[in-house]
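Chains as they are written, first to last, in the numbering used here: chain H, 5 to 140; chain R, 716 to 1051; chain Z, 7 to 563; chain C, 1299 to 2196.
Listed below in structure tokens is the structure:
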């Protein structure tokens, strides 16, 4: 009997800023948009609160992917926070790239109204990672 | 560029004169019986050696939290040490007021783990010795800046083996004034013309895990790192490395935990912490009892991450550390 | 630790796709959990009663409510805790509706996800400590920088409201640019009257101190208690201000920087400001030919002024109107790109001016050449695509507004930010136009971008009411979710201080550690992520909380 | 400082700013909002210029701030009716419109809206999409509570709903059908009825009997419309809802309508249900008594199939009391429902009844419905006057009998069979012999050949109110017959209950609490014919549902409570009926077509053909409830609301309040460009206004944020500025100050979302006067939007889209540009109601109707103490509105502290 292939579902941890992305995720929920349950969010006041160490920790605890998401550049509730986020996370991505795991970390800008975009971003990430994970 | 050609014994006499003041110190190298080592000269500059062919630790490590009032210290150190010093100044770990930092051209070093007795200490024999780059530590071979062009002033070696002192800041001018002779144009071509280059660092997690599997979490690498300046390391707490009850909790919750735990986590987080300030000196690797190729990783990562912002650690006192500043229009492709 | 977990069905909304019974059952046996219940509507009266009873009966010290997203019903649940004498910050909300039951249909997967989410709440809440909304004393006094119409209106309002007002003007006279305007459109009032009226009122008040010919030499401290040193003609003056309004206005664009305009080389080429000042003294022939040029120093990227100055189109209309009123048979031609007669009544004014005979030509003017017989204007009519040369007796340049000459200086003194054009930057261009990134420092009037007189008055008063709202109680509440420094762990590297947008972190030279000014902190957590040893941490979002949430999502259970 | 109270009228960004500023200064603010939520126009915007940041992101935190501020009280659905100056302050009469939702109870869970059958234009979406009559206007609404848009009282009393044993939402499904939403109609029926296709065919329709429209002209064809809705939908495609399983097991005895309805409701609740049925197939009387021509078996099978999909196991061929004892079942299950019906036919009790050729009607129908070969004679007499008798007669006719006669002892008026059934019977050529009853059967060799009858006359009324038939002595007569089918009534079969000593009535029915279905034995419930004696399908369903509700409580260990008592169907009073007759002219009921007699008597094919969609919609729209706008009080939201927050009887309130000052921020409306015929708004598809376009772009809008028109992504856009601004013709000389920029914003949104879009903008002057505006305009232009100076002369329908004719004033050429969408940047107008507002406050207005304000202190009105901010006094962009809100607050503070 052919062995049934067990599909492996990835775990994605996302950091979402309270003012934009978390709001978008709330709206995605209230509009009953669907996205994989493997995506779990941690709410932070501002994306700049995300210490790259959290990302590294999540990866070593077994996350298949991590994303950091905040307001679009220039729209930060804390005025400039996300510019710092961008620097740090871009650097961390470069570091991940050096370790040949660039696709595990992503940075998204999602405003509070962009529920659709939020869903598209996380679903896209989930599916890509899932495909890789199941490819071998 | 203007500078002063240093006469034979010029440094010794100038700094010796400088040390006459009770409060004045020189931090450089001392020639011992069978070794050259870091030394703080207080009253005289006896046995002073401008060059040290053996790398055991980064001298900037000892400078952290020097806030002495009134003392005047002249640093006569390798470029990698001065660069670390510059970073520490930016991080308010050293009061710049008290220090004149002079970077001395570095012809290369060998590891303190090698037999150290047979490396020469004088300029010319050393130049000869390191003609074969394989003798050098890997960190030196691919060093980004072996030229004495950082800090307040530099000691450069010209093609003929003569030493030149060149000021870069006001403090550098003060240093120069200690030396005899008049300022003159510095020759264009120096012995060390350019610095080494590493290839873009690329590795995979498997290799990384293998390389670090030997790690015993002694954290010597952290302790000997000149730019790992924290008084209290996050790894002392339970957030990343649970200990005691916290560890027990975790074991009860999850079933089992590898001991020693969190090797990868420790090194990667530290790597990110020092990514903008690492000078690639390789002190961590010197300190590692397990022979893990730390320099490759830390230097490799930091050069990639610094490159993103056109930053080079220790190059200038003015450049802000990239993580505490930003440009509104940059990193357009950072977003996925 | 005694944790109570309350899982809401939200009618069918959650129960529909999450096995709430299974969850409450699972957590009932979890260490440190003493109550684990599911209920149809935790937010309803009986639901709240259930929580209250559990707190009182079981002595709960943590409450976890797994229901809708935290932004809903947040305050209400906090009140429930308060009523039971439990610190409201020991409440953790877990969203299992918007983030779980509504986004997937698979009951098993959703239940698993909900379990992880609640677990994250549980782990995180274990680190919660009671927090208090702190109160800081604030001085009921305001420093107003700039004595133009904005600053004066702010001062008038604040003084009427009984606040101590210090108004600082670098010039010898108060009133700024408005003082010279003889006929302010649309009211037709004399600027001097408006200014004198306000100054007179201020001078008559005991709670107002006016400083002219005065500069600010130092500015220290934090929201509610700013220490200010003034350099006055009679010597140094120190004062404490609770808040600041920066209303330093604008600088008129200097047409001299565009040599092709030949401004300053011929008295027949003047600016709108010159016209306002000296309209009566102008010497013009019987039936004068007058050209008015729009957008001088505005919408001009070549000279680094890409912005529209907002007021100059109406100023240009004013000139045309005035000439036409005085010389009925004059020839007045306005050269424009777009006529931005946008203010209330502006469009009508534009039409009226056209009806009075002012010609409007959409044109690019290339050159202004003084000739013996007149001033020659050469340009291209962009409607007809033809070049033209015409001679005029008077050329009026409708100049734009440039940022105040000392904007950089003032910005660095108060540690606030300028925009790309060197005007002051608002915290939010639309909804927080008076706030800066620094708490207690406000901006008003043209210093944040060109504005007309009416708008500047508007701004002055509006920013003043904002400041008053901050200070009027004499104390202010501080959000509990702010940064906090553990001095024993701080290495004093000052990275956080450099990064802090709110400028709330201060370095203590003696101790070589930083501390946070509670009142100034905005609570973004950037400092926490910047500090390598997490010596500075954001209350409510400290490292171990977030780290444990990560663990809760991922570790084997 | 004594506490001061200020009234802020309008909950848009202007009002919000003023209110927050005042509250921060320690003033108590009452904010009146005419609609259900604060947020004003700004919350309707997708993005705001020039930063293109999202409007919701920036505004909703402010709205939350208002809601949380202890100094601010929001009164939604409220407006001032009268204002009187009193000293320096004002006394204000406020109308608080009823919300019909108790906001203290409402949890904003949103369960109500999906069920509401009334679709209305969404104000929030500017009519580009629908909303329900019960609704939360948008997810971020403050207060975040539902409202019911009830505008007038329903003209009828909804007697249909009260008459229905299962309270079918008749009003609701008729509303759906009348507007063509057939699936929604079906789902609504389904919500309270697991056998819609059965009830759509064979229900006795008590609803129609009481239908209030029947008092005007004809009652609605409620059952036939149900049948129509059922026909539009395949039960097989119905998805099974998510069910959370419980550990409880329930046994249902009898797979008739009562048992299966009970099983259905229990299964949805997650209980594990097993149904025991003695016959080989489930369905009970529906399966074995009702003839195929009335209820096709296939329909029934589908309905039962769905119940099985819910996880109900049906164990056929198992007789309780024989195969399994009742006490075993009681022990094996957590609860039991008995719905075994009344399966026994009652004997006639006359001589010769045992002859071959005399059969019991129930048995006869069961045999036919089981597909057994049944032969009836040439001449058949059916005894009885009920539906069963009629079914037997019509069945016999179809089986080929030459003569079929119905023998009934009373007259037509007393016949219990449904009128239309009798009509059909007569139609099919079956004769009824009234006032006759058989007294004896004769036979030859044990086979029936003759029947002796006696004539009857009607005497005194009996207990049932019907006049008792009395035999006329000596009127006996004989008739030849081959077959006699007796259909005189049915009885229960309850001997299996004896093991548990269940209490039974004399007639053999099980005694239950009629409100809960509980028997005298704990955990055992009963309902349907077994407890009432023979009744109708819908009564059985009701009984099953009632018992299910009780069992659910029982299994939870909760007290078993009776469902709320049924309202009695109410008639219109005569005056009401007379008034309505005038209001709603006579409209006759549209009959449902049936097969021709010749076609139908030869086979068992279904007789009733069903409505066409057009007829169904026309018939459904006769419903009186559907004649009104807004909520029709169908009760669906109430049924769905778990916290019972719905209150249709809520009344508008009028309150008197005192304030120290008033700040007006009623906002603005947008110019309606219909009168500008040349642009084709309202006549040409694809011509829309800017604010409608805004909604189409928005994630919370009708398309979820995709720019779609009629389901397609448009590629070519034409924006026309200054529509209704700078235009004497439309009475507005003024510049609206926002349209240039919102057009540039729209253009850039389009560019961002539709990469290959072609965009044109017509303008007179581009008034990009605010901070960052000029740069934004430049960017828009540079990223490929074509600006054309000149306003088009007309927009017409071309072959491949709309054709815009415009003279490009810069090139002087006349152009014809073909596009998919024309967006009109309509100007600003005073908000509807501004005039009334000004009148009650004695405020002056300017020539355009905006509130007149001072030119140097722009919040001052002609009445001291009343201030104005935002667009109410003339066009403003958002920053100016915020500034004016602050200024108004400042003036107001000065005024109240004088």
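All C-beta atoms in this analysis are idealised placements derived from N, C-alpha and C, irrespective of residue type, glycine included.
In this structure residue 26 of chain H is buried. Its beta-carbon is surrounded by 16 or more other beta-carbon atoms within 10 angstroms. Annotation: Cβ neighbours of residue 98 of chain H in chain R (cutoff 8 Å, chain order): 1019, 1020, 1023.
Note on geometry: alpha-carbon atoms of residue 171 of chain Z and residue 214 of chain Z lie some 5 Å from one another. Distance check between residue 863 of chain R and each of R/872, R/855, R/857 places R/872 closest, using alpha-carbon atoms only. Annotation: the continuous alpha helix (DSSP H) that includes residue 1695 of chain C extends over 1685 to 1696. Residue burial is scored here from C-beta neighbours: residue 933 of chain R has fewer than 16 other C-beta atoms within 10 angstroms and is therefore classed as exposed. In the DSSP annotation of this structure, residue 1835 of chain C is not part of any beta strand (DSSP E); the continuous alpha helix (DSSP H) holding it starts and ends at 1835 to 1854.
Residue 1807 of chain C sits in coil when the DSSP states are folded into three classes, being neither helix nor strand. In the three-state reduction of the DSSP assignment, residue 72 of chain Z falls in the strand class. At a C-beta separation below 7 Å, residue 27 of chain H has these neighbours in chain C: 1355. If you look at residue 868 of chain R, you'll find it in the beta strand (DSSP E) that goes 868 to 872. Contact between the region 987 to 999 of chain R and the region 1012 to 1029 of chain R is present, with at least three C-beta pairs closer than 8 Å.
CA-CA distance, residue 1469 of chain C to residue 1459 of chain C, rounds to 8 Å. In this structure the region 1316 to 1328 of chain C does not lie against the region 2042 to 2060 of chain C, because fewer than three pairs of beta carbons, one per stretch, are closer than 8 Å. The beta-carbon of residue 80 of chain H is placed no less than 7 Å from the nearest beta-carbon of chain C. Cβ contact annotation for residue 1905 of chain C (same chain, cutoff 6 Å, sequence separation greater than five): 1591, 1892, 1893, 1898, in chain order. In this structure, the CA atom of residue 482 of chain Z is about 58 Å from the CA atom of residue 338 of chain Z. Under the DSSP assignment, residue 1718 of chain C falls in the alpha helix (DSSP H) whose first and last residues are 1717 to 1725. In terms of Cβ geometry, residue 389 of chain Z and residue 2107 of chain C form a close pair [threshold 7 Å].
Among the CB atoms of chain R, none fall inside 7 Å of the CB of residue 319 of chain Z. The beta-carbon of residue 807 of chain R is placed less than 7 Å from the nearest beta-carbon of chain Z. The Cβ atoms of residue 1752 of chain C and residue 1691 of chain C do not sit closer than 7 Å to each other.
With a threshold of 7 Å between beta carbons, residue 946 of chain R makes contact with chain Z.
In the DSSP annotation of this structure, the continuous segment of the alpha helix (DSSP H) that includes residue 2079 of chain C starts and ends at 2071 to 2080. Taking the Cα of residue 2054 of chain C as reference, the smallest distance to any Cα among C/1835, C/2069, C/2082 is reached at C/2082. When DSSP states are grouped into helix, strand and coil, residue 504 of chain Z belongs to the helix group. Separation of residue 73 of chain H and residue 83 of chain H (C-alpha to C-alpha, rounded to the nearest whole angstrom) is 16 Å. The DSSP-derived three-state label of residue 108 of chain Z is coil. The beta carbons of residue 1409 of chain C and residue 1932 of chain C sit about 15 Å from each other, so the pair does not count as a contact at 8 Å. In this structure, the CA atom of residue 1965 of chain C is about 56 Å from the CA atom of residue 1609 of chain C. Between the alpha carbons of residue 1941 of chain C and residue 1848 of chain C lies a distance of about 19 Å.
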